[in-house]
Structures are given as structure tokens and as C-alpha cells.
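Participant: Structure in C-alpha cells, see below.
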Amino acid sequence: MIKGFDCLIFNKKRSTYSGCGYCWQPKLSTPSLETEISPKSPYLLSESVSLFHDGATGEILVQRPRSATTDPLALCIKTHSFSGSFISLATDLPPSMPPPVSHNIIIQTQAFSTNQSKAYFRMNQQAGRNVWRTVQSFQLQDQPLSAIFDLSSSPNPKGNFWADIILKPEKYDAFWFRCLSLRAHLRPIF
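Here you go:
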């Protein structure tokens, strides 16, 4: 029953808010079919998602998979002779999202890597000059992945929050994302 409920929320294509919680799926890329990512960071993939990296010119290629006509939330990132240490997909939490400090924030995606690379879900908050972070790691296998973040211990309840997925690519790697969703569910009080 719970698995079916997760699939129902996971497949929503826009931001929604109901008694069950809030769900938002940022668009992962623009309509362009293939783009070589410059060394300049950040690179805007869409109006809501940015790509950060520490690679050199010509080492990262972003493509819309062939399935993109039926799944507009899909994205493929390929590395070629990648000399950097990370690639990050980052998005600010939308203003319409309920306050993160009173809700559990759930990041969910379905992703795959040719090398089953390690990756991280991370929640960040600007705290003055510093950044407060909480991280959860996972392996990229072709299955739904999710992480639940309790942000009640963040230093500033009204601060700016953003989420990112940190990829740790090998020299030659490819990553496929079918979707990215951010959900907020009211934290139970005992």
C-alpha cells in the first residue's frame, strides 16, 4: 500500500499541496538535445536546476534521453576523461513549499550510473557566511532512491534552503535521471 502511495506522489508533474503533503518536481533540463558543459560554474540546466562541477572543458556532456518526448523530466549526463571530483545538481526549495523546519523534506529520484557510482543527497542552508549541511549517501542503481531530512535543528528557521545531488563520477561515466521530486510532509509531534 505504501509503495503504491509513493508511486502516486512520485509521478506528479507539478507542485501540489494537500492534506498528504506537498510535492514539487523541478524540470531537469531545457529542450535542447545535447550540450557540452563549459568549465564555468554554475551551468543552468533549467529555470530551477543548476549544474556545478570542477571539471575542465569538454569533459561533461548533457543530453535529453530519447525517452524525453514521453518523460520531460529525464536527463542524461556523460563524462569523458573527467579530471574533476564532483558534479552537483542543485535547486532552491520553492517559496510555495511549507517551512522546512516544521516538515520532513524528502528528496526522491530514479537514477542509474554505468559504474554504479556513489552519490549523495544533501540539504543546505545559508547561515550567515557559512553553510549548514546534512548529507545522506547512496549507490546509483536503477531504482527509486529517497532520503528524508529532518531540518528542525537548522540554525535559522527562516533561512534560505536548497537541495542538491552530488555525483562522484569516474573518468568515463554516464548518469541517467528519470525524475527529481522534493516533498514536504508535516513532522509528527509526540
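Our numbering applies: residue 3 is where the sequence shown begins, and numbers increase by one.
Quick reminder that beta carbons are idealized off the backbone N, C-alpha and C, glycines included.
1. With a CB to CB cut of under 7 Å and the five nearest residues on each side skipped, what residues in its chain are close to S31?
2. Please return the same chain residues whose Cβ sits closer than 7 Å to the Cβ of V103, not counting the five positions on each side in sequence.
3. Under 8 Å: do the segment 81-90 and the segment 51-58 share three or more Cβ pairs, one atom per stretch?
4. Would you please state the rounded distance, in angstroms, between the beta carbons of F179 and A113? I believe it to be under 8 Å.
5. Assuming G23 is part of the beta strand (DSSP E), what are its boundary residues?
6. Ordered along the chain, which non-local residues of its own chain (more than five positions away) have a Cβ less than 7 Å from that of S43?
7. Take the Cβ of V137 as the centre, count every other Cβ of all protein chains shown within 10 Å, and call the residue buried at 16 or more, exposed below.
8. At what residues does the beta strand (DSSP E) containing Q143 begin and finish?
9. Would you mind stating whether T116 and L182 have Cβ atoms separated by less than 7 Å?
10. Spatial neighbours of W164 within its chain, please: CB distance less than 7 Å, with the 5 preceding and 5 following residues excluded, ordered by chain position.
11. Could you tell me how far apart the beta carbons of I150 and I108 are, in whole angstroms, since I believe they sit closer than 8 Å?
12. Taking all protein chains shown into account, do 16 or more other C-beta atoms lie within 10 angstroms of the C-beta of E36, making it buried, or fewer, making it exposed?
Facilitator: Well, looking at it:
1. L47, S48, V64, R66, L77
2. L153, S154, S156, P159
3. yes
4. 5 Å
5. 23-26
6. F54, H55
7. exposed
8. It is not in any beta strand (DSSP E) - Q143 carries neither H nor E in the DSSP assignment.
9. no
10. A92, T93, D94, L95, N126
11. 5 Å
12. exposed
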